[in-house]
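K.L.:
Line by line, the protein sequences are chains X and V.
Under the numbering used here, the residues of the first sequence are numbered 1 to 242, in order.
Under the numbering used here, the residues of the second sequence are numbered 1001 to 1242, in order.
Handing you a structure now.
Number of protein chains: 2
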Amino acid sequence: MKRAKTVASAGKAASDAPSRRIRRRLSPAERRLQIIDAARALFGEGGLAQVTMRNIARHVGITQAAIYQHFDDKEAILYAIADGYFAQLIERMRERLSDDLPPLDRLRGMMRGYIEAGLARPEEYKLVFMTNIPGFRREGGLRAEPGNEAEPTTGQLAFGFLEEQVRTLLKAGLIRPGDAELTAEAIWAAGHGVVSLLITHVGFLWAPERLIDAQIEMIFRGILPDDSPARRKAPQARSPKA
Amino acid sequence: MKRAKTVASAGKAASDAPSRRIRRRLSPAERRLQIIDAARALFGEGGLAQVTMRNIARHVGITQAAIYQHFDDKEAILYAIADGYFAQLIERMRERLSDDLPPLDRLRGMMRGYIEAGLARPEEYKLVFMTNIPGFRREGGLRAEPGNEAEPTTGQLAFGFLEEQVRTLLKAGLIRPGDAELTAEAIWAAGHGVVSLLITHVGFLWAPERLIDAQIEMIFRGILPDDSPARRKAPQARSPKA
DNA sequence: CATTGATACTGAACGGTGTTTATTTAGTGG
DNA sequence: CCACTAAATAAACACCGTTCAGTATCAATG
């Protein structure tokens, strides 16, 4: 599809001018998206095993070699998928963080949101949090390299929401005093454990909903002060009123 | 598997008699062990990527096709490795369970033992608990198939130790009342979460020891009764200070 | 409009993977 | 010694990710 030429011309103007707009049979950006979409679809239904260059190419309608015009290698495609998952996760976390709820319930909502996000897209969750693809470190990793902590990675951003909420609760004295980052990590690890087990050992005699509830309950009892009034409240199951 | 018996026929002697000294170029059992050992070694140092039939064969000194005399497919080799890990884990759990310690400390020991076992052999841990190899269901899975719950699988056995200890604590009123299996699952999930994160996102700015301590502490506070004297005790059992 | 030049794309290949098949060969029971 | 079993081989198959020389399509220019 040929559409308006975003030319912007600028004549020859300036030396290296990035104004060189070109319209191919399909714009590179569109093709790129096509590839990612095809890859994500295959990934979602059949896991990594289904995501082959030839398979992707077949679905897009090109040859496998053509993909290399748009991605350095297969890993780059997986990275793009992972990035999409992170974006969705961040969005979800942001929503929960701005929920108009009591602070403790907000944390509960975030945890439940994280777990649900994982269960909704298990393959992508595995990719992002359960496999260590070397290249993931360079851009979308969970932590920045020791050197360049200038701007947070996508993963850090997502974790940051949790950490922020923990910090708020700490300041308010609503949870036991302690290191905010460490506490957030512990909470994350516990939530991650549930998601991880549920999606890799699926189909056994699990009672997922009950386990999730029990886990969240356990975490809360683990971080609440001994004299917290929240301890005496109903264990509160299921979703936050909504 | 029909492999077990090499005896067959054996017109006389009736008893399966392992005395039937077979002196092949190498006895099947030995060869089998050789292959597993080579595979495990490759697995431990380079992860799954290094474990190829040709690579294993090269280390054993045979051709890749020869392996198929001893294993149905590659998955069967991985399964054997997983089984070895389970055996070691079970042994560790059994030791901890028979420790002469206060019941709560025993649980603590089991959790720490589980985590340490995972960190000590990360690749095998990933294989066993973080990848869902289809065939693992048939023999070494975590749970038995709904039908044949006759005898526990290796995984069930390992989980059983944790569940048993939880049941003991429940009976003694040392932890909050609740479903034993569910509680054990929640504890397992939390411990698994720590191991999983530590071994897949290795090399970032983690403080593993502190996270492990914090996680165990959180879990304990999560399951202890509100009025438990253990709450007032020193909050941890590991490094007193540093 | 015709030319040029950049580049998305193709077709074929390379070395790797797990696995299968037919064949050879080693070792033992009769 | 022979016959038979089974371990090991060599060669092939289909698939994988990736590379590369060449083609074809388009935008920009003359």
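Ideal Cβ positions, reconstructed from N, Cα and C, are used throughout, including at glycine.
What does V/D1226 touch in chain X if you count any residue whose Cβ is under 8 Å from its own?
P.N.:
Here the question's residue 1226 of chain V lines up with position 226 in the second sequence. Within 8 Å Cβ-Cβ: D226, R231.
K.L.:
Using a Cβ-Cβ cut-off of 6 Å (strictly less than) and excluding sequence neighbours within five positions of V/I1022, which residues of its own chain qualify?
P.N.:
Working through the second sequence from its first residue, we reach residue 1022 of chain V at position 22. At V/I1022 the pLDDT is 43, less than 50, meaning the model places this residue with poor confidence; the figure from the coordinates comes in the next sentence. Excluding residues within five positions, none has a Cβ falling inside 6 Å.
K.L.:
Among V/L1026, V/E1030, V/P1028, V/N1055, which one has its Cα closest to the Cα of V/A1039?
P.N.:
For the purposes of this step, residue 1039 of chain V is taken as residue 39 along the second sequence, with counting starting at 1. That would be V/N1055, whose Cα lies nearest to the Cα of V/A1039.
K.L.:
Give me the Cα-Cα distance between X/A207 and X/M53, rounded to the nearest whole angstrom.
P.N.:
Residue numbering aside, residue 207 of chain X sits at position 207 when the first sequence is read from its first letter. Residue numbering aside, residue 53 of chain X sits at position 53 when the first sequence is read from its first letter. So the alpha carbons of these two residues sit roughly 37 Å apart.
K.L.:
For V/P1122, does the count of other Cβ atoms within 10 angstroms reach 16, so buried, or fall short, so exposed?
P.N.:
Taking the first residue of the second sequence as position 1, residue 1122 of chain V is located at position 122. Per the 10 Å Cβ criterion, buried.
K.L.:
Counting only Cβ-Cβ distances shorter than 9 Å, please list the residues of the stretch 1182 to 1194 of chain V near chain X, keeping chain order.
P.N.:
L1182, T1183, E1185, A1186, I1187, W1188, A1189, A1190, G1191, H1192, G1193, V1194
K.L.:
Going by C-alpha distance, which of V/L1089, V/G1047, V/G1113 is nearest X/N132?
P.N.:
Here residue 132 of chain X refers to the residue found at position 132 of the first sequence. Per the Cα distances, V/G1047.
K.L.:
So is V/Q1050 in contact with chain X if we call contact Cβ pairs under 8 Å?
P.N.:
The residue given as residue 1050 of chain V occupies position 50 in the second sequence. For V/Q1050, the answer is no, since every Cβ of chain X falls outside 8 Å of its Cβ.
K.L.:
Taking CB distances under 8 Å as the criterion, tell me whether X/I81 reaches chain V.
P.N.:
Position 81 of the first sequence, counting from 1, holds the residue named residue 81 of chain X. It does not: the Cβ of X/I81 has no partner Cβ on chain V nearer than 8 Å.
K.L.:
Looking at the secondary structure, which residues open and close the alpha helix (DSSP H) in which V/G1055 lies?
P.N.:
Counting from 1 along the second sequence, the entry for residue 1055 of chain V is found at position 55. Sequence check: residue 1055 of chain V is Asn here, not Gly. That run of the alpha helix (DSSP H) goes 1053 to 1060.
K.L.:
In the structure shown, what three-state DSSP assignment does X/M130 receive?
P.N.:
Locating residue 130 of chain X in the first sequence gives position 130, where the first residue counts as 1. Per DSSP, reduced to three states, the secondary structure at X/M130 is coil, with no helix or strand assignment.
K.L.:
Could you tell me the distance, in whole angstroms, from the CA atom of V/I1223 to the CA atom of V/F1161?
P.N.:
In the second sequence, residue 1223 of chain V corresponds to position 223, counting from 1. In the second sequence, residue 1161 of chain V corresponds to position 161, counting from 1. Going from the Cα of V/I1223 to the Cα of V/F1161 covers about 18 Å.
K.L.:
Let me know the secondary structure DSSP gives X/V202 once reduced to three states.
P.N.:
Within the first sequence, numbered from 1, the residue matching residue 202 of chain X stands at position 202. If DSSP states are grouped into helix, strand and coil, X/V202 belongs with coil.
K.L.:
Work out the CA separation of V/D1072 and V/I1212 for me, nearest whole Å.
P.N.:
Counted from its first residue, the second sequence places residue 1212 of chain V at position 212. Counted from its first residue, the second sequence places residue 1072 of chain V at position 72. V/I1212 and V/D1072: Cα-Cα distance of roughly 39 Å.
K.L.:
Looking at V/V1166 and V/A1189, is the spacing between their C-beta atoms short of 8 Å?
P.N.:
Residue numbering aside, residue 1189 of chain V sits at position 189 when the second sequence is read from its first letter. Residue numbering aside, residue 1166 of chain V sits at position 166 when the second sequence is read from its first letter. Taking 8 Å as the Cβ cut-off, V/A1189 and V/V1166 do not qualify as a contacting pair.
K.L.:
Cβ of V/A1117 within 8 Å of Cβ of V/L1089?
P.N.:
Taking the second sequence and counting its residues from 1, the one referred to as residue 1117 of chain V is at position 117. Taking the second sequence and counting its residues from 1, the one referred to as residue 1089 of chain V is at position 89. Contact: yes.
K.L.:
Got a sec: which bits of the stretch 100 to 130 of chain X sit with their beta carbon under 9 Å from any beta carbon on chain V, in order along the chain?
P.N.:
Those residues of the stretch 100 to 130 of chain X placed with their C-beta closer than 9 Å to a C-beta in chain V are K126, F129, M130, ordered along the chain.
K.L.:
Does DSSP put X/I175 in a helix, in a strand, or in coil?
P.N.:
The sequence position of residue 175 of chain X within the first sequence is 175, counting from 1. Correct three-state label for X/I175: coil.
K.L.:
Run down chain X in chain order and give the residues with a C-beta less than 9 Å from the C-beta of V/T1200.
P.N.:
Here residue 1200 of chain V is taken as the residue at index 200 of the second sequence, counted from 1. Correct list: F129, M130, T131, N132.
K.L.:
To the nearest angstrom, how far is it from the Cα of V/E1045 to the Cα of V/Y1085?
P.N.:
Locating residue 1045 of chain V in the second sequence gives position 45, where the first residue counts as 1. Locating residue 1085 of chain V in the second sequence gives position 85, where the first residue counts as 1. Between V/E1045 and V/Y1085, the C-alpha separation is close to 15 Å.
K.L.:
May I ask you to report which of helix, strand or coil DSSP gives X/L157?
P.N.:
For the purposes of this step, residue 157 of chain X is taken as the residue at position 157 of the first sequence. X/L157: helix per DSSP, three-state reduction.
K.L.:
Report all residues from its chain with a CB closer than 6 Å to the CB of V/H1059; omit the five preceding and five following residues, and keep chain order.
P.N.:
Counting from 1 along the second sequence, the entry for residue 1059 of chain V is found at position 59. Excluding sequence positions up to five before and after V/H1059, its CB lies within less than 6 Å of the CB of A1038, all in the same chain and listed in chain order.
K.L.:
Please compile the residues from chain V whose C-beta is within a distance smaller than 9 Å of the C-beta of X/G173.
P.N.:
The residue given as residue 173 of chain X occupies position 173 in the first sequence. Correct list: empty, because the minimum Cβ distance to chain V is about 16 Å.
K.L.:
State the Cα-Cα distance for the pair X/G109 and X/V128, rounded to the nearest angstrom.
P.N.:
Within the first sequence, the letter at position 109 stands for residue 109 of chain X. Within the first sequence, the letter at position 128 stands for residue 128 of chain X. So the alpha carbons of these two residues sit roughly 21 Å apart.
K.L.:
In or out: V/T1063 buried (at least 16 other Cβ within 10 Å) or exposed?
P.N.:
Mapped onto the second sequence, residue 1063 of chain V falls at position 63. By the neighbour-count rule (16 or more Cβ atoms within 10 Å), V/T1063 is not buried but exposed.
K.L.:
Say yes only if the C-beta of X/I81 is nearer than 7 Å to one or more non-hydrogen atoms of the ligand COA, and no if none qualify.
P.N.:
This structure lacks the ligand COA; in fact it carries no ligand of any kind.
K.L.:
Report the neighbours of V/L1211 on chain X: residues whose CB is nearer than 8 Å to its CB, in chain order.
P.N.:
Translated into positions along the second sequence, residue 1211 of chain V becomes position 211. The contacting residues are L182, E185, A186, A189.
K.L.:
Mapping DSSP to helix, strand and coil, what is X/T168?
P.N.:
Taking the first residue of the first sequence as position 1, residue 168 of chain X is located at position 168. Three-state result, X/T168: helix.
K.L.:
Classify X/E124: buried if its beta carbon has 16 or more other beta carbons within 10 angstroms, exposed otherwise.
P.N.:
Taking the first sequence and counting its residues from 1, the one referred to as residue 124 of chain X is at position 124. Buried is the call here.
K.L.:
Tell me, please, whether the CB atom of V/V1007 is closer than 8 Å to any CB atom in chain X?
P.N.:
In the second sequence, residue 1007 of chain V corresponds to position 7, counting from 1. In this predicted model, V/V1007 has a pLDDT of only 35, less than 50, meaning its place in the structure is not dependable; the value taken from the coordinates is given anyway. No - not a single Cβ of chain X is within 8 Å of the one on V/V1007.
K.L.:
Using the C-alpha atoms, what's the distance from X/A65 back to V/Y973?
P.N.:
Coverage of chain V is limited to positions 1001 through 1242, which leaves residue 973 of chain V absent and any answer about it impossible.
K.L.:
Go to V/G1084, then tell me how far its alpha helix (DSSP H) extends in each direction, as first and last residue.
P.N.:
As a first step, residue 1084 of chain V is located in the second sequence; it is residue number 84 there, counting from the start. Taken as a continuous stretch (DSSP letters only), the alpha helix (DSSP H) holding V/G1084 covers 1074 to 1097.
K.L.:
What does the alpha-carbon distance come out to for the pair X/A144 and X/T153?
P.N.:
Taking the first residue of the first sequence as 1, we reach residue 144 of chain X at position 144. Taking the first residue of the first sequence as 1, we reach residue 153 of chain X at position 153. With a pLDDT of only 49 at X/A144, under the threshold of 50, the placement of this residue in the model should not be trusted; the figure read from the coordinates follows. Approximately 6 Å between the Cα atoms of the pair.
K.L.:
Measure the Cβ-Cβ separation of V/A1230 and V/L1104 and say whether it is below 8 Å.
P.N.:
Mapped onto the second sequence, residue 1230 of chain V falls at position 230. Mapped onto the second sequence, residue 1104 of chain V falls at position 104. The answer is yes: Cβ separation under 8 Å.
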